[in-house]
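Worksheet for the structure shown next.
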């Protein structure tokens, strides 16, 4: 057990039931400050539900969630964002009819302070803050590598750029914890490696702790300091990448669920088609 | 913001040249408010506004159709000039009346206007018309204030052929208290200014005459299940229910009254608004014994049945609202007035002085209208305010014929 | 009773999680509860109504409630499948009612209606259903089908347009006068139960509504069409992928909803005896409110919603408003219905019987 | 749910086109059915009173003619697409016209000889007389005339279809100009009358009921010619943004100038349009930006109007006696507070449920206002009368035109505020909520606070409109605050284009201005209104002036 003060996110005995279906049961998850932590597991293992519980998209049935020692479970999602948790989504959820830079500017919302009156009067305060926010948004777009496409409508961007834009938008909230839900989905190996470098820079340059769900093992193994394996709503194993790779239970779980993986592949193709 | 600049500029440039009415001489006519000249072969324009859409559609359409029949009966012409009847929808709202009146007034050839159906529209519409020298003859607008002696100057050109609420209420109270000797009543209105005003006037008179109002209820115009409110009334055991609500509501009320314990034999007195064949169909068998207030005159008894027939032939259905006869009379007053003051010149053009027309309308005496002899007071009340109580005796939808069904029971 | 510290803990937990909005909502809850308590208590003290009165209110409420329920069915079905409000539904009902009227007039002219009301009624109802279904199909064709593939408010506006068209076209075609349904022979009688006089036609209407609802439930639960409908309601794209003809299912939904509206129109006329071309608007809104009250997309919910709304309107002024000694309490009949609707939406948005559609709608 | 709302499923139903003959019969049947419906609904008789061209053709005849022309046109186009020659195509047009004429004539004969009136009130002898041009009403001769006319009209429509595109457009524009001049006779007559130097033209151009024959020819030919000239002198196409700007400037010029030079009625209509623009800008914040569907919007309009009434009336119920200029901000503020109070509970409700909740609230307000219980405070059904008109240093605003400019200035102000809000952190938050509520919330946007702000601002704008309304009418009655107003405002937004400020103006012009101009058709104007809603949505699903996607010019 690591030193508690070292933990950024501490999830204890998290449970979530949907009617009769238990999606997550008794899950413990400890994410160390400044680390990259991966959650893997077959489809339907409860990974995204756990994410949704942490960001309060759904209310957990039981358990506690602590961020930096402070309880955040059950808070409204925007208060969780204010606590410094930001996320991306399995199926990209951008504001399709807004431009890239506007998407990022929405992420800046938490930090903008101009009042209603400032806006209506368009006074100096408004202009100063707006200029600064735009500059920061551009920096973030540059940081994720899509700076030149700041003015494009989100829905007009290629899929890979949309993923990056989503990360930029999440970063704009200045999170302490960035949660990425399958960031490499639909990417080829080269793009996957570029993503790995981006995540490393997020951790190293921005000092943001990263928790991600991912299926691409190459990506997972390349960046994660710790890995938690989910299966059927519970934690199956946790450890460093090497330990996980050699864990018999993990291997068994993955072999036993070939069919769901196939289903996943089918789904990915479908996603690629719609995108 | 050039939006801003241009708008303010334009606004500041506006010097409203609302040409004040002034004396004018055209052809053989000199008039202090202006003269309308109608070229030979052109029609004389008379306007009409009434509720043609919205909740009071039935009333308004019946009124305007009544006016059209009057024009037809008059031969469609005044002094050989065809009369054109331009109608506008005033709904039953103040803004509807305002817009419709403004639209009518935009045509400077307009000589006179009949309408509107509602006092709220008249309150706004009549001054708009009269400020341009156009007199208007109200049909269903019954609010007493419109023809009060201290009415604003804008109403000096407003007349009406329908009696005002106070007179009607007075008569009905007289009947209920003095004739029937009933001591307690329940009232129902539907939230419209017309019914509410009538109910209040009735209540006031009734209490003044020593009666007791045991229940003062209200419903919504689209309510269809009135049994709960009738149950409440039944608990107060009134001797009579007074309700001037319109056809649908009256129909529901009469039909459902029988289903409420204790009200089966309580008589109902209705208002002029339902003086139409339509109430028979709406109320079905329950209409028998239902009494309403209506015009009392000989003319009305004699002429109204044939009017209904003519109406049905012309418009496909019998009048659906009670004020069609007053629509007829309003038009008649207007046509008579026009006939009295129009003057032709040597070339065959026609001239109508605006002030002269107004004065002629106000001078209407003993004009045999459909509702009775019309005589206009100095305030513009022309209605033959001689009332009668009528009672329905037959539930067959085709039996509507004032005199037999409904038949006059008082006086 | 839980120990004191546990209650304190629960309170602390609530305070941690809640925002100021929760506080406001709590205050509203308390306010509503207090209003109901005071009103109800006051009404009891006032004692204006006898038990017999209340019983008759229940009968009134159930009768109008079953008509609301039938109208609500159409809304709920269309909403379940398209996630769109069919604004013209009330007017579909009105036209259906006129269809029934013409059939009844014809039967009455032939003398059949008087002689064999039990035989004629199904014919009249069928006429209403056919006309209602036909008009509903027209609405679907014009206001919904062209916009299936876009996400916009266009169908809503088109449906509003169709509502105007139906209303004023009917006015032009049929005239604006009130039309009475002809008499249905022995069904026009009344009977007495425990001192209550109940018109036979109301019982007939109630039973007919029940039969229609049962039939509809059977169709939706048991037939292939019903399965397809449920599949489309669940996920339109997935249903299309597994080979369901979504277009046809939507058409069928409108037709059935329209037929139900037609039935409602005829039953309305049976109970209230007279119809006008403007009856659709207010009844449509009431029906929609009933659908939401019961849980939109939920068929039994439509029934429950309709009956609850009917009862609330009939009983509310007597049991609630009497206590405040307001003048003319029945003027507030609609306020009670709408206030209940708003409360349900705030505190139980899925409706009385509904699933948590609100989550899915995101 | 994905924020990418292009639904991919492909179950649009396409009608297969049949043989040219079948298509022609179909087109003819449609035209005939439309004409019959037009007649039986009673619109024919009403519109038959109005001439388009004085003493030559009435409005009703024009409408029926247009149906048949359209039928012939469609039939010919369809045939031409199948490769028919011009002559054959015209033949198909004639066929369509024949079918339409036969149907119409048959319907009229039916009306004349079978009693349909017990069910169809417009099926009257008057109708039969109105469509009899030769022979006795209901006779075979009269029917034959209709059939012949139909066939001829179908052929003409088909012939027009065979014209070159530019000429076809020219013909269309000529006809439209003529119809517009005839239909809006009063507006144009007023315009001519008031334009310096043109007053003498008025009696030459307009008769009592329509355009004079000579003027009709001039208008139609002139418009068609102008269209041709413009078509052939087209310069290289102007950039879309420039064109929009030009259109925008034209719109402003139109808004300022037209009411100035026409009569009081146009000013009155423009005034109403202005009020609806104010209201629609309010709803635009709620719906267009934040995506909140509000069907109880009229409540705030009512709050504003009643505040103005209670602050400026001589009625004993009036709480205070303020000048209009103080009451206006007061009414706006109180409406905003009302928005806040209503919004607090309802705004956690989502999507269509919100529509219903707000509808309920709006109706509650209306019933409360009309109720006897509130009569001591709000005047009940008799409303509040004698509201003082606004005055500035002894100069009183009382004509519709003056109120129009007041509304215009307020609308410009509100438009500016809207625009500034939209392009700020608040506007971005609203748009984000409209696009995807959950994601917006996860980015730290307090949904309730943001929506509440939208709701409050929207309510304030509506309240301002209500206050001006009360001062203009001089009285307020509960009956002015019907659900129909909320629906109207919603329709304005969608018809104009959601989230688009110029769209709000265009939408109000179309949906408020047109029905007002059609007021003379009384009972039928809402029928036309409904048809206009449906047709507009079919032709322009995104609205007449959609919001531009906000692409920035950093890259190209």
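Protein chains in written order, with UniProt numbering: chain A, 1 to 275; chain B, 1 to 411; chain C, 1 to 362; chain D, 1 to 556. The C-beta atom is built at its ideal place from N, Cα and C for all residues, glycine as well.
| Asked | Found |
| --- | --- |
| Starting from the Cα of residue 165 of chain C, find the closest Cα among C:150, C:177, C:303 and C:143 and give me that residue. | C:143 |
| Between residue 16 of chain C and residue 230 of chain C, what straight-line distance do the alpha-carbon atoms span, to the nearest angstrom? | 41 Å |
| Nearest chain C C-beta to residue 282 of chain B closer than 8 Å, yes or no? | yes |
| Quick one: give me the first and last residue of the beta strand (DSSP E) that residue 178 of chain A is part of. | 177-181 |
| Compare the C-alpha of residue 163 of chain D against each of D:76, D:226 and D:353 and name the closest. | D:76 |
| Below 8 Å, how does it come out for the stretch 141-159 of chain C and the stretch 528-548 of chain D: are there three or more Cβ pairs, yes or no? | yes |
| What does the Cβ neighbour count give for residue 158 of chain D, buried or exposed, with the cut at 16 atoms within 10 Å? | buried |
| Could you check whether the stretch 87-102 of chain C touches the stretch 262-270 of chain C, counting it as contact only if at least three pairs of C-beta atoms, one from each stretch, sit closer than 8 Å? | yes |
| Using the C-alpha atoms, what's the distance from residue 402 of chain D back to residue 262 of chain B? | 59 Å |
| Going along chain B in order, which residues have a C-beta closer than 7 Å to the C-beta of residue 272 of chain C? | 224 and 252 |
| If you compare alpha carbons, which of B:26, B:301 and B:199 is closest to residue 408 of chain B? | B:301 |
| What are the residues of the stretch 423-440 of chain D that lie near chain A, defined by any Cβ-Cβ distance shorter than 8 Å? | 424, 425, 426, 428, 429, 431, 432, 435, 436, 438, 439 and 440 |
| Taking just the CA atoms, how far does residue 198 of chain D sit from residue 205 of chain D? | 11 Å |
| Just mark residue 161 of chain B as buried or exposed, buried being the case when its beta carbon has 16 or more other beta carbons within 10 Å. | buried |
| Can you list the residues of chain A that residue 444 of chain D reaches, using a CB-CB cut of under 7 Å? | 78, 81, 82, 109, 110 and 173 |
| At 4 residues or longer, what runs of the alpha helix (DSSP H) sit wholly inside the stretch 348-374 of chain B? | 354-362 |
| Taking CB distances under 8 Å as the criterion, tell me whether residue 350 of chain C reaches chain A. | no |
| Determine which residues of the stretch 99-117 of chain C have a Cβ less than 7 Å from any Cβ of chain B, and write them out in chain order. | none |
| For the stretch 126-160 of chain C, which residues have a beta carbon sitting closer than 9 Å to at least one beta carbon of chain A? | none |
| Taking the alpha-carbon of residue 27 of chain A as reference, which of A:119, A:118 and A:9 has the nearest alpha-carbon? | A:9 |
| For residue 223 of chain A, collect the residues of the same chain with a Cβ closer than 7 Å to its Cβ; drop the 5 residues on either side in sequence, then sort them by chain order. | 36, 196, 199 and 200 |
| Which residues, taken in chain order from the stretch 515-541 of chain D, show a beta carbon closer than 7 Å to some beta carbon of chain C? | 523, 524, 526, 527, 529, 530, 531, 533, 534, 537, 538 and 541 |
| If you count every other CB in all the chains shown that lies within 10 Å of the CB of residue 33 of chain C, and 16 or more means buried, which is it? | exposed |
| DSSP three-state label for residue 157 of chain B, please. | coil |
| Just to confirm the assignment, what range does the beta strand (DSSP E) spanning residue 89 of chain B have? | 81-89 |
| Hey, which unbroken runs of the alpha helix (DSSP H) at 4 residues or more fall wholly within the stretch 26-72 of chain A? | 47-54 |
| My understanding is that residue 18 of chain D touches residue 98 of chain D, with C-beta atoms under 8 Å, so please give their C-beta distance in whole angstroms. | 18 Å between Cβ atoms; not a contact. |
| Kindly list the residues whose CB is nearer than 7 Å to the CB of residue 259 of chain D, restricted to its own chain and excluding five residues on each side of it in sequence; keep chain order. | 266, 267, 270, 401 and 404 |
| Counting only Cβ-Cβ distances shorter than 8 Å, please list the residues of the stretch 10-42 of chain C near chain A, keeping chain order. | 13, 16, 17 and 19 |
| What residues in the stretch 61-85 of chain B bring their beta carbon closer than 9 Å to a beta carbon of chain C? | 61 and 62 |
| Per the contact definition of three or more C-beta pairs closer than 8 Å, is the stretch 189-206 of chain C in contact with the stretch 125-140 of chain C? | no |
| Mind checking who residue 212 of chain B pairs with in its DSSP beta bridge? | B:184 |
| By the three-class DSSP mapping on this structure, what secondary structure does residue 116 of chain C have? | coil |
| From the DSSP output, in three-state form, read off residue 97 of chain A for me. | coil |
| Which residues bound the beta strand (DSSP E) around residue 45 of chain C? | No beta strand (DSSP E) contains residue 45 of chain C, which is instead part of the alpha helix (DSSP H) from 20-46. |
| Excluding the five sequence neighbours on either side, which residues of its own chain have a C-beta within less than 7 Å of the C-beta of residue 377 of chain D, listed in chain order? | 317 |
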